[in-house]
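If you read the protein sequences in the order shown, they are chains A and B. Using my numbering, the first residue of the first sequence is number 5, and each one after it goes up by one. Using my numbering, the first residue of the second sequence is number 69, and each one after it goes up by one. Every residue, glycine too, gets a C-beta built ideally from N, C-alpha and C. Written below as structure tokens is the structure these notes are about.
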Amino acid sequence: MKKLILWATMLAALATLTEAADTINGAGATFPAPIYQKWFQEFHKAHPDVQINYQSIGSGGGIRQLTEGTVDFGASDMPMTDDQIKAITKYHVLHFPTVMGGVVPTYNVPGVSGDLKFSGDTLGGIFLGKITKWNDAALKKDNPGVNLPNADITVVHRSDGSGTSFVWTDYLSKVSPDWKSKVGANTSVNWPVGLGGKGNEGVAGLVKQTPGSIGYVELIYAVQNKMGYGSVKNAAGSFVKADFNTVTEAAAGAAKEMPADFRVSITNAPGKNAYPISTFTWLLIPDKIDNAAKKMAIASFLKWMTTTGQTFAQEMSYAPLPKPVVAKEDKQVALVK
Amino acid sequence: MGTAVIAAPPQSRARKLVKLWRDGDQVAHLVTFLFAASVFLVTVVLVYELWIHSGPSRAKFGFSFLWKTTWDPVALQFGALPFIYGTVLTSFLALLISVPLGVGAAIFLAELAGPRTSNSCTFLVELLAAVPSVIYGLLAIFTLVPLLRQYGEPFLKRTLGFLPLFQGPAYGVGYLTAALILSIMTFPFIISISRESLLAVPREQREAALALGATKWESTWQVVVPYARLGIIGSVFLALARALGETMAVTMVIGNDTAIHTSLLAPGYTIAAIIANEFTEATGDVYLSSLIELGLVLFGLTMVLNASAQLLILATTRRGSKQE
């Protein structure tokens with residue numbers, strides 16, 4: 005009996021040891037979490053020896069855990085700042101774009117059923133609290149022929165810190181100098197006006213319930229819940245409605261001037277069909293991984309992610325990466341040493 | 069406790085230890101003492117952690133953190149006042165509603181209602197007290213908010229709109245909605261504990277009052293309720309503690325606006341709500357430590373209110389001691 009127990013313990017210990025060698029832990033952004041889970045599952049099927057765990061605790065949390073060294077990789081909806089990168093002295097953090105998302109304006113205007121058009125200036129004015137009526141001249145100019153009511157505008161924004169807010173405010177900072185100087189871009193900002201709803205569902209709920217309101221949600225959320233949303237005027241001057249193609253187009257438009265480290269905002273990107281409120285989401289990978297098995301596994305996952313992985317994107321409602329970005333990323337995989 | 073053991077000469081120490089074990093009393097004393105000490109330990113660790121991790125924020129803002137009104141994660145300017153204001157205002161309003169309701173219901177259930185009504189009501193009350201707060205949040209979003217926006221708030225504006233308390237657009241979310249949902253959440257606590265303490269009043273008290281010619285209501289209101297007031301006050305402070313720290317339900321309906329508004333219809337914020345909202349995505353020392361300092365402020369606020377509760381109880385006990 006005793007021998008049996010001894011053997012069992014030893015086997016268990018052995019099992020944890022072998023598991024530990026190939027278990028990779030990551031944490032971070034919630035927005036791409038569904039596709040990451042899917043990817044890690046599929047990758048595990050193809051490579052049974054590699055187990056990748058992912059905790060969707062938020063981009064900020066992912067960056068914190070990576071900095072403290074409690075996870076093998078992080079994930080974030082916004083690129084790390086120079087200071088954040090410098091805070092990690094053991095290695096340099098590489099950014100790998102994985103998929104793309106868009107943020108769309110959603111609204112509830114009594115008597116208006118069709119899609120509304122918004123220029124960046126107008127959105128900036130609304131969210132700054134300068135444009136307060138739906139029949140404001142600026143809105144009328146963007147939407148000729150639409151009978152806009154004389155109703156008060158209620159702004160709805162995210163109350164929780166989120167990558168979605170970061171993209172939205174980053175876009176507003178680019179198109180509205182006033183927004184840039186007064187508010188700026190971050191996961192949470194000092195909103196000049198409006199109500200805060202928790203999560204996409206909180207914002208969508210408030211917009212649905214409040215006549216005359218306007219808010220913003222992730223494209224995926226709007227698509228999955230069959231919500232109506234408006235078009236936004238892009239840098240080329242055309243009004244574009246967000247979908248997977250126009251979002252991917254934004255990355256393609258920005259690809260020409262993309263910095264080597266991929267830390268780039270693609271809001272207000274050039275390109276006739278580029279949707280202006282688009283973003284990458286990134287995996288944050290150390291460029292030095294001491295454990296050889298882990299290093300191999302991560303490198304092969306990254307290669308898999310830019311090829312096979314991308315085929316899962318659309319069915320999971322994410323916009324896939326454009327080819328020029330994939331080509332650049334494949335080169336960066338070699339930097340993981 | 070253990071001092072006798074240490075003072076004893078070495079040769080008898082072993083025997084004493086054996087005796088100590090055999091007696092059991094001392095062991096039980098020690099073990100339960102350790103359990104009790106863990107309460108103290110948790111409190112100390114809590115304050116220590118909050119204090120240490122709020123360091124960067126305390127160094128940058130000092131005491132001005134308490135009265136500054138900006139909350140700007142971009143410019144890294146943080147102040148706690150809008151959140152302190154929102155927390156105190158919503159909790160106070162909630163108790164204003166739930167205390168009369170809860171104590172009234174408890175009096176009915178304990179003194180006036182028949183046993184069948186009383187028992188079934190009490191069962192439901194205890195059920196309500198155990199409902200998770202997020203469920204109350206959903207209730208608030210789907211029923212309370214639309215009702216308030218369409219009927220409640222327009223009515224308040226029509227009738228009391230001359231007061232600054234009831235001005236501005238009727239969003240349906242805001243201080244008032246948060247206070248209402250908090251009152252709904254806290255009043256099962258008040259009923260449950262108040263009822264228990266009313267039932268604990270000795271029968272002789274009631275009989276004596278009735279014998280003196282008091283009516284049923286006079287005996288209840290003038291004899292039974294004052295006798296049970298310690299328990300009732302206790303229930304109120306338990307309710308206050310829940311209201312101060314409530315996070316989920318409040319976040320869902322308060323509107324999450326970092327400005328201070330006089331109007332109860334306007335959106336606001338509470339300390340617990342902003343920590344829950346912004347903690348996961350907060351990066352950078354100052355931002356993170358400001359959120360932790362808010363936790364410290366909430367802890368302090370609870371301490372101050374609890375201490376004043378103790379003082380209040382002390383004061384009322386002394387004044388009313390003739391009766392007991």
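**OP:** Please report the Cβ distance between ALA273 (chain A) and ALA296 (chain A), rounded to the nearest whole angstrom; I am assuming they are in contact, meaning their Cβ atoms lie under 8 Å.
**Re:** Here residue 273 (chain A) refers to the residue found at position 269 of the first sequence. Here residue 296 (chain A) refers to the residue found at position 292 of the first sequence. About 39 Å; that fails the 8 Å criterion.
Original post:
When DSSP labels each residue in this structure, what does ALA162 (chain B) get in the three-state scheme?
Top reply: Position 94 of the second sequence, counted from the start, is the residue given in the question as residue 162 (chain B). ALA162 (chain B): helix per DSSP, three-state reduction.
Subject >> Per-residue contacts from THR214 (chain A) into chain B (C-beta, under 8 Å) >> reply: On the first sequence, residue 214 (chain A) is found 210 positions in, with the first residue counted as 1. Residues of chain B passing the Cβ test: ARG217, TYR239 and GLY240.
Original post:
Grouping DSSP H, G and I as helix and E and B as strand, with all else coil, what is HIS121 (chain B)?
Top reply: Here residue 121 (chain B) is taken as the residue at index 53 of the second sequence, counted from 1. Helix at HIS121 (chain B).
Original post:
Is it true that the stretch 235–246 of chain B meets the stretch 287–298 of chain B, where meeting means three or more beta-carbon pairs spaced less than 8 Å apart?
Top reply: no
Subject >> Cβ of ILE270 (chain A) within 7 Å of any chain B Cβ >> reply: Walking along the first sequence from the start, residue 270 (chain A) turns up at place 266. Chain B contact via Cβ: absent.
Original post:
Should GLY188 (chain A) be counted as a contact of the ligand PLP given a C-beta to heavy atom distance under 6 Å?
Top reply: Among the ligands in the structure shown, none appear at all, so the ligand PLP cannot be discussed.
Subject >> Residue range of the unbroken beta strand (DSSP E) whose run includes PRO256 (chain B) >> reply: By 1-based counting over the second sequence, the position of residue 256 (chain B) is 188. Segment 243–267 is the alpha helix (DSSP H) holding PRO256 (chain B); no beta strand (DSSP E) there.
Original post:
Can ALA246 (chain A) and VAL108 (chain A) be called in contact, C-beta distance under 7 Å?
Top reply: Here residue 246 (chain A) refers to the residue found at position 242 when the first sequence is read from its first residue. Here residue 108 (chain A) refers to the residue found at position 104 when the first sequence is read from its first residue. In this structure, VAL108 (chain A) lies closer than 7 Å to ALA246 (chain A) by Cβ.
**OP:** Select from A:ASN147, A:ASN29 and A:ILE39 the residue whose C-alpha is nearest the C-alpha of PHE243 (chain A).
**Re:** Within the first sequence, the letter at position 239 stands for residue 243 (chain A). The shortest Cα separation from PHE243 (chain A) among A:ASN147, A:ASN29 and A:ILE39 belongs to A:ASN147.
Subject >> Runs of beta strand (DSSP E) lying entirely within the stretch 137–216 of chain A, each at least 3 residues, in chain order >> reply: 158–162 and 199–201
Original post:
Smallest Cα separation from PHE44 (chain A): which of A:LEU287, A:GLN55, A:PRO36 and A:LEU325?
Top reply: Here residue 44 (chain A) refers to the residue found at position 40 of the first sequence. Out of A:LEU287, A:GLN55, A:PRO36 and A:LEU325, A:GLN55 has the C-alpha closest to the C-alpha of PHE44 (chain A).
**OP:** Could you check the C-alpha separation between ALA173 (chain B) and GLY182 (chain B) for me, to the nearest Å?
**Re:** Start at 1 with the first residue of the second sequence, and residue 173 (chain B) comes out as number 105. Start at 1 with the first residue of the second sequence, and residue 182 (chain B) comes out as number 114. ALA173 (chain B) and GLY182 (chain B): Cα-Cα distance of roughly 13 Å.
**OP:** Give the residues of chain A in contact with ALA350 (chain B), contact being defined as C-beta atoms less than 7 Å apart.
**Re:** By 1-based counting over the second sequence, the position of residue 350 (chain B) is 282. Near ALA350 (chain B) (Cβ distances below 7 Å), the residues of chain A are GLY64 and GLY165.
**OP:** Determine the burial state of LYS298 (chain A): buried for a count of at least 16 other Cβ atoms within 10 Å of its Cβ, exposed for fewer.
**Re:** As a first step, residue 298 (chain A) must be located in the first sequence, where it is residue number 294. Label assigned to LYS298 (chain A): buried.
**OP:** Specify, as a first and last residue, the run of the beta strand (DSSP E) that THR110 (chain A) falls within.
**Re:** For the purposes of this step, residue 110 (chain A) is identified with residue 106 of the first sequence, where counting begins at 1. Counting along the chain, the beta strand (DSSP E) containing THR110 (chain A) begins and ends at 97–112.
Original post:
Thinking C-alpha only, which one of A:THR250, A:VAL159, A:ALA141 and A:GLY64 is nearest GLY216 (chain A)?
Top reply: Position 212 of the first sequence, counted from the start, is the residue given in the question as residue 216 (chain A). Checking every option, the nearest Cα to that of GLY216 (chain A) belongs to A:VAL159.
**OP:** On a CA-only basis, which of A:GLY198, A:LYS134 and A:ASP81 is nearest THR168 (chain A)? Give me that one, please.
**Re:** Mapped onto the first sequence, residue 168 (chain A) falls at position 164. Taking only the C-alpha atoms, the option nearest THR168 (chain A) is A:ASP81.
**OP:** Quick one: measure Cβ to Cβ for TYR175 (chain A) and PRO280 (chain A), integer angstroms, because I've assumed they're closer than 8 Å.
**Re:** Taking the first sequence and counting its residues from 1, the one referred to as residue 175 (chain A) is at position 171. Taking the first sequence and counting its residues from 1, the one referred to as residue 280 (chain A) is at position 276. Confirmed, about 6 Å.
**OP:** Tell me whether ILE56 (chain A) sits in a helix, a strand or coil according to DSSP, three-state version.
**Re:** In the first sequence, the residue the question calls residue 56 (chain A) occupies position 52. If DSSP states are grouped into helix, strand and coil, ILE56 (chain A) belongs with the strands.
**OP:** Just the C-alpha distance for VAL75 (chain A) and ILE301 (chain B), rounded to the nearest angstrom, thanks.
**Re:** Taking the first residue of the first sequence as 1, we reach residue 75 (chain A) at position 71. Taking the first residue of the second sequence as 1, we reach residue 301 (chain B) at position 233. Taking the straight line joining both Cα atoms gives about 49 Å.
Original post:
Can you tell me whether HIS329 (chain B) is buried or exposed, with buried defined as 16 or more other CB within 10 angstroms of its CB?
Top reply: Mapped onto the second sequence, residue 329 (chain B) falls at position 261. Flag for HIS329 (chain B) reads buried.
Original post:
Does the Cβ-Cβ distance between VAL142 (chain B) and GLY64 (chain A) come in under 7 Å?
Top reply: Here the question's residue 142 (chain B) lines up with position 74 in the second sequence. Here the question's residue 64 (chain A) lines up with position 60 in the first sequence. Not closer than 7 Å, so no.
Original post:
Is the CB of GLN49 (chain A) under 7 Å away from at least one CB in chain B?
Top reply: As a working note, residue 49 (chain A) is residue 45 in the first sequence. Residue identity differs from the one stated: residue 49 (chain A) is Lys in this sequence, not Gln. Chain B, which has no Cβ nearer than 7 Å to the Cβ of LYS49 (chain A), makes this no.
**OP:** Work out the CA separation of ALA239 (chain A) and PRO200 (chain B) for me, nearest whole Å.
**Re:** Working through the second sequence from its first residue, we reach residue 200 (chain B) at position 132. Working through the first sequence from its first residue, we reach residue 239 (chain A) at position 235. In a straight line, the C-alpha of PRO200 (chain B) is about 48 Å away from that of ALA239 (chain A).
Subject >> LEU362 (chain B) beta carbon less than 7 Å from that of ILE381 (chain B) >> reply: For the purposes of this step, residue 381 (chain B) is identified with residue 313 of the second sequence, where counting begins at 1. For the purposes of this step, residue 362 (chain B) is identified with residue 294 of the second sequence, where counting begins at 1. It is not a contact, given that the beta carbons lie outside the stated cut-off.
**OP:** Determine the chain B residues that contact VAL4 (chain A) at a beta-carbon separation under 8 Å, and present them in chain order.
**Re:** Because chain A in this structure spans residues 5 to 341, residue 4 (chain A) falls outside the shown range and cannot be described.
Subject >> Nearest-angstrom Cα separation, counted from GLY78 (chain A) out to ASP265 (chain A) >> reply: Sequence index remark: in the first sequence, residue 265 (chain A) carries index 261 (1-based). Sequence index remark: in the first sequence, residue 78 (chain A) carries index 74 (1-based). ASP265 (chain A) and GLY78 (chain A): Cα-Cα distance of roughly 16 Å.
**OP:** Could you pull out every residue in the same chain whose Cβ sits closer than 8 Å to the Cβ of LEU114 (chain B), ignoring the five residues on either side in sequence?
**Re:** Your numbering for residue 114 (chain B) matches position 46 in the second sequence. Hits under 8 Å: PHE367.
**OP:** Mind checking who TRP289 (chain B) pairs with in its DSSP beta bridge?
**Re:** Indexing the second sequence from 1 puts residue 289 (chain B) at position 221. TRP289 (chain B) pairs with nothing; no bridge assigned.
Subject >> Own chain partners of THR85 (chain A) with C-beta closer than 7 Å, once the 5 adjacent residues on each side are dropped >> reply: Position 81 of the first sequence holds residue 85 (chain A). Same-chain partners within the cutoff: there are none.
Original post:
Thinking just about the alpha-carbon of each residue, which of A:PRO83, A:TRP183 and A:PRO263 is nearest to the one in THR126 (chain A)?
Top reply: Stepping through the first sequence from its first residue, residue 126 (chain A) is reached at position 122. Checked all of A:PRO83, A:TRP183 and A:PRO263; the closest Cα to THR126 (chain A) is A:TRP183.
Subject >> Per DSSP, cross-strand counterpart(s) of ALA31 (chain A) >> reply: Walking along the first sequence from the start, residue 31 (chain A) turns up at place 27. A:GLN59 and A:GLY78, per the DSSP bridge assignment.
Original post:
By the 10 Å Cβ neighbour count, where 16 or more other Cβ atoms means buried, how is GLY130 (chain B) classified, buried or exposed?
Top reply: Here the question's residue 130 (chain B) lines up with position 62 in the second sequence. With fewer than 16 other Cβ atoms within 10 Å, it is exposed.
Subject >> Segment limits, beta strand (DSSP E) that includes LYS237 (chain A) >> reply: Numbered from 1 along the first sequence, position 233 holds the residue referred to as residue 237 (chain A). Where LYS237 (chain A) is concerned, the enclosing beta strand (DSSP E) stretches over 235–237.
Original post:
So which residues of chain B does LEU152 (chain A) contact, with C-beta pairs closer than 8 Å?
Top reply: Within the first sequence, numbered from 1, the residue matching residue 152 (chain A) stands at position 148. Those within 8 Å of LEU152 (chain A) in chain B number zero; the least Cβ separation is about 19 Å.
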